[in-house]
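Positions in the sequence shown are counted from 1; adding 212 to them yields this note's numbering.
We put the CB at the ideal spot given by N, CA and C, even for glycine.
Bear in mind that the values here come from a model prediction, so they are computed numbers and not experimental data.
Working notes, structure below.
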Amino acid sequence: MNGYDSNLDLLLTWEFDPDEMRKVEIFMTHPKTKEKIMLYRFATFERLTTYYRFNLITGRNENAGNIEWNSLRNVRLNMGLRELSIDQMAWKNKANSRSRRFKALNNVDYKWRPVETEPANLECVTVSGKKFVALYNAAEQTLLVNPRGHFILDDIVVLCLVHLWRRANNWDFQLPETAEGSSAAQ
Numbered sequence: 213m214n215g216y217d218s219n220l221d222l223l224l225t226w227e228f229d230p231d232e233m234r235k236v237e238i239f240m241t242h243p244k245t246k247e248k249i250m251l252y253r254f255a256t257f258e259r260l261t262t263y264y265r266f267n268l269i270t271g272r273n274e275n276a277g278n279i280e281w282n283s284l285r286n287v288r289l290n291m292g293l294r295e296l297s298i299d300q301m302a303w304k305n306k307a308n309s310r311s312r313r314f315k316a317l318n319n320v321d322y323k324w325r326p327v328e329t330e331p332a333n334l335e336c337v338t339v340s341g342k343k344f345v346a347l348y349n350a351a352e353q354t355l356l357v358n359p360r361g362h363f364i365l366d367d368i369v370v371l372c373l374v375h376l377w378r379r380a381n382n383w384d385f386q387l388p389e390t391a392e393g394s395s396a397a398q
């Protein structure tokens with residue numbers, strides 16, 4: 213990946229269940245031991261996904277929150293102490309906007325948008341669009357997160373999954389006819 217710095221950036225590999233994309237395990241490589249560690253696990257039963265985050269200090273998986281998938285339009289996010297609707301975490305600033313904004317735990321506004329040159333990929337940037345935070349590469353099923361996004365990693369990972377699911381169900385971030393679909397959606 214262009215601009216990837218293994219000393220600073222997190223490169224997360226996503227492994228989707230072939231029958232249910234809301235069941236996913238997300239791995240990172242430990243910076244010192246180079247061991248593959250499952251950082252997140254999303255377990256879905258019907259309309260509820262519970263996600264767990266690996267605590268590198270305790271060596272245990274912790275319940276980090278859940279996602280209630282009531283419908284494409286009615287998704288509820290329970291992220292730690294925050295309970296939010298999808299409208300609070302993925303809003304358009306303008307009617308024709310291709311980006312979806314969110315206010316992260318740090319009270320700063322960010323946005324997810326399709327990458328202009330590779331619309332199957334999604335990027336998270338500051339609202340000004342000038343500072344890169346994260347990139348989901350659909351073909352490689354990876355999420356690259358630079359240090360700017362480390363302290364809001366739950367927000368980035370959870371919203372990336374929600375956007376991928378909504379795209380797979382033709383709700384948001386539709387791909388142009390010439391672009392290939394997300395491998396997560398297939």
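Secondary structure within the segment 266-340: the beta strand (DSSP E) runs of 3 or more consecutive residues, fully enclosed, are 272-281, 287-291, 294-297, 312-315, 321-326, 334-338 (chain order).
Assignment of Ala350 by DSSP, reduced to helix, strand and coil, places it in the coil class. Collapsing the DSSP output to three states places Trp226 in a strand. Assigned with DSSP and collapsed to three states, Ile364 falls in coil, not helix or strand. Ser309 and Arg325 have their C-alpha atoms roughly 9 Å apart.
For Arg253, the three-state secondary structure derived from DSSP is strand.
Excluding residues up to 5 positions away in sequence, Leu284 lie with their Cβ nearer than 6 Å to the Cβ of Asn381 in the same chain.
Residue pairing from DSSP places Leu260 in a beta bridge opposite Phe257, Glu280.
The alpha-carbon of Met301 is positioned some 13 Å away from that of Arg378. The three-state reading of DSSP puts Leu220 in coil, since its state is none of H, G, I, E or B. In the DSSP assignment, Thr245 is bridged to no other residue. Residue pairing for Val369: DSSP places it in no beta bridge. In this structure, Val369 lies near Tyr252, with their beta-carbon atoms less than 7 Å apart. Non-local beta-carbon contacts of Asn273 in its own chain, meaning distances under 6 Å to residues more than five positions away in sequence, involve Tyr264, Phe266 in chain order. For Glu247 and Asp299, the gap between their C-alpha atoms comes out near 38 Å. By the C-beta criterion, the segment 286-293 is judged not to be in contact with the segment 334-344, since fewer than 3 inter-stretch pairs fall below 8 Å. Here His362 really is in contact with Leu222; their C-beta atoms are around 7 Å apart, less than 8 Å.
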